[in-house]
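Each residue of the sequence shown is one higher than the last, beginning at 1 in the numbering used here.
Virtual Cβ for every residue (Gly too), placed ideally from N, Cα, C.
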Amino acid sequence: MSHDNVHHFLMEAHHIAQEAQFIIDSLPNAETPAVERVTHQLSAIRTILSTLDDPHSDSRLWRDIRKDTLESFRQIFIYLTANDLLDMDNDIHRSCLYLVFQPRIQASLDRTRDAWNHHKIRTAKNKTPVALYELSREAAIARGYWTGDPGDDIATVANDPLYAYDGEAPLPPAGENAVDPENVRDVPVGIAAEREAGIAINDDDELNAIKELMPDFNFDEDDNNWGIDVYCRAVVHLSAIMV
């Protein structure tokens, strides 16, 4: 199932739900066409979501990710730390860890994603998420509310503090304004602030510099030991260069 398309659908559904709430708040002064339009949209959203409803989906998805993707790497990092092979305060250790294991973790996540997208959902008559997505897309096209537009890219959304803000839109009820969190879009700026917040560990420039220092080193080599041997060799190699 395409992450971008699902994200776009959920964003549209959220926008429609907000619009519906505004219409409800403005009753009985809301225009009849607006009420009818949002009613049809909400009905269509409910239909799509109901086809994807599986009471075990969330728990199974996260269980599979932990078991099949993350747990093995967690055990590797525990092993490295316990044997004094990994010190996260050591720049060389930290950088080599990322360069060796980030591609491996991503590949494992990709395999888990593909397996999930093709698993059968009992409550959906044993259809897979991929099949359900295609059926929902075809239904949306037939009903005329699928535009095919994936929406703005993530960078545009993340970098525009006023993204999706409509200055002319009706204000939400005063009760909601009273409990809205402030500065929800505040994010750490710079690698130091990101490290302090636990968001980032390695700086891209630092990683690129290390790759330039080790142009012939194969961080992706299959050592038949989960990348542990590659990591250890990378640490020794980089330490010798940095001396």
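- Nearest to I228 by C-alpha distance, out of F77, A17, L42, is F77.
- With the rule of 3 Cβ pairs closer than 8 Å, the region 120 to 138 does not count as touching the region 85 to 95.
- With a beta-carbon spacing of about 19 Å, T69 and T128 fall beyond the 8 Å limit used to define contacts.
- Judged by DSSP secondary structure, R104 falls within the alpha helix (DSSP H) whose first and last residues are 91 to 117.
- K120 carries a coil assignment under DSSP once its states are collapsed to helix, strand and coil.
- Secondary structure of K127 (DSSP, three-state): strand.
- For E206, the uninterrupted alpha helix (DSSP H) run begins and ends at 204 to 213, by DSSP.
- When the five nearest sequence neighbours on each side are left out, the beta carbons in the same chain lying within less than 8 Å of the beta carbon of N218 are those of V230, in order along the chain.
- DSSP, read as helix, strand or coil, puts V230 in helix.
- Of the candidates C232, I121, S239, S239 places its Cα closest to the Cα of L213.
- Of the residues I241, V236, E221, D87, the one whose Cα lies closest to the Cα of F101 is E221.
- Around the CB of V236, fewer than 16 other CB atoms lie within 10 Å, so the residue is classed as exposed.
- Of the residues assessed, Y79 falls on the exposed side of the cut-off, its CB having fewer than 16 other CB atoms within 10 angstroms.
- Spatial neighbours of F73 in its own chain (CB-CB distance under 7 Å, excluding positions within 5 residues in sequence) are listed in chain order as F101, I105.
- If the five residues before and after E206 are omitted, its C-beta is found closer than 8 Å to the C-beta atoms of D91, S95, all from its own chain and listed in chain order.
- It is roughly 12 Å from the alpha-carbon of A124 to the alpha-carbon of Y133.
- In summary, I141 is exposed, with fewer than 16 beta-carbon neighbours lying within 10 Å of its beta-carbon over all protein chains present.
- Judged by DSSP secondary structure, F77 falls within the alpha helix (DSSP H) whose first and last residues are 71 to 82.
- One alpha carbon belongs to A82, the other to L99, and they sit about 20 Å apart.
- Cβ contact annotation for K67 (same chain, cutoff 6 Å, sequence separation greater than five): none.
- Residue burial is scored here from C-beta neighbours: A155 has fewer than 16 other C-beta atoms within 10 angstroms and is therefore classed as exposed.
- The three-state reading of DSSP puts M242 in helix, counting H, G and I together.
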